[in-house]
Structures are given as structure tokens and as C-alpha cells.
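Below is one structure, written out as C-alpha cells; the observations come after it.
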Amino acid sequence: VADDIKDRLKELNLPRYKIVVQVSIGEQKGQGVRMGTRCFWDGDTDSYASEMYCNESLFCVATAYGVYLY
Numbered sequence: 034v035a036d037d038i039k040d041r042l043k044e045l046n047l048p049r050y051k052i053v054v055q056v057s058i059g060e061q062k063g064q065g066v067r068m069g070t071r072c073f074w075d076g077d078t079d080s081y082a083s084e085m086y087c088n089e090s091l092f093c094v095a096t097a098y099g100v101y102l103y
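Plus 33 on top of the position in the sequence shown (first one is 1) and you've got our numbering.
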């Protein structure tokens with residue numbers, strides 16, 4: 034899943050950007066989950082996007098980071 038997302042983002046041809054994708058998939062068992070991330074980056078050029086999918090049996094969280102390389 035992460036490779037598919039990364040390949041689609043690379044099609045955007047964003048010069049000098051490093052693309053990092055993280056995907057977490059887990060089983061729904063009535064328990065909670067917490068996720069967090071920290072980054073040291075340039076607020077003017079770097080960013081991220083995240084999306085979550087859930088159904089009765091699983092959850093999936095995908096986050097894509099775009100970090101500008103100076």
C-alpha cells in the first residue's frame with residue numbers, strides 16, 4: 034500500500050522533494066489505538082497528508098510526508 038501511494042505521488046513530479054509514506058494496518062478488536070509522529074522540518078516548504086479508513090474488521094492509516102531537499 035505504501036509503495037502504491039509513493040508511486041502515485043512521484044507521478045506529480047515535485048522536484049527536490051523526498052517523499053516518505055507510512056501505512057499502519059490493524060485489526061478491529063474493540064480496543065483503542067494511538068499514533069503519533071514528530072518531524073523536524075521547514076514549515077514553509079515541508080508538509081504531510083494523512084487519511085484513515087475503517088470497517089468492521091480493520092483500520093488503515095496512511096500518512097505521506099513531502100520534505101524539500103535544499
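All C-beta atoms in this analysis are idealised placements derived from N, C-alpha and C, irrespective of residue type, glycine included.
**Request:** Could you name the residues of the same chain whose beta carbon sits closer than 8 Å to that of residue 35, not counting the 5 residues immediately before and after it, in chain order?
**Result:** 54, 55, 56 and 95
**Asked** Considering only residues of the same chain and omitting the five flanking positions on each side of residue 43, which have a CB-CB separation below 8 Å?
**Response** 52
**Item:** Residues sharing a beta bridge with residue 26, DSSP
**Value:** Examination of residue 26 is not possible in this model, given that the chain is present from 34 through 103 alone.
**Cα-Cα separation between residue 69 and residue 81, rounded to whole angstroms** = 13 Å
**Message:** Please classify residue 103 as buried or exposed, where buried requires at least 16 neighbouring CB atoms within 10 angstroms.
**Reply:** exposed
**Request:** Would you check if the distance between the CB atom of residue 61 and the CB atom of residue 89 is smaller than 9 Å?
**Result:** yes
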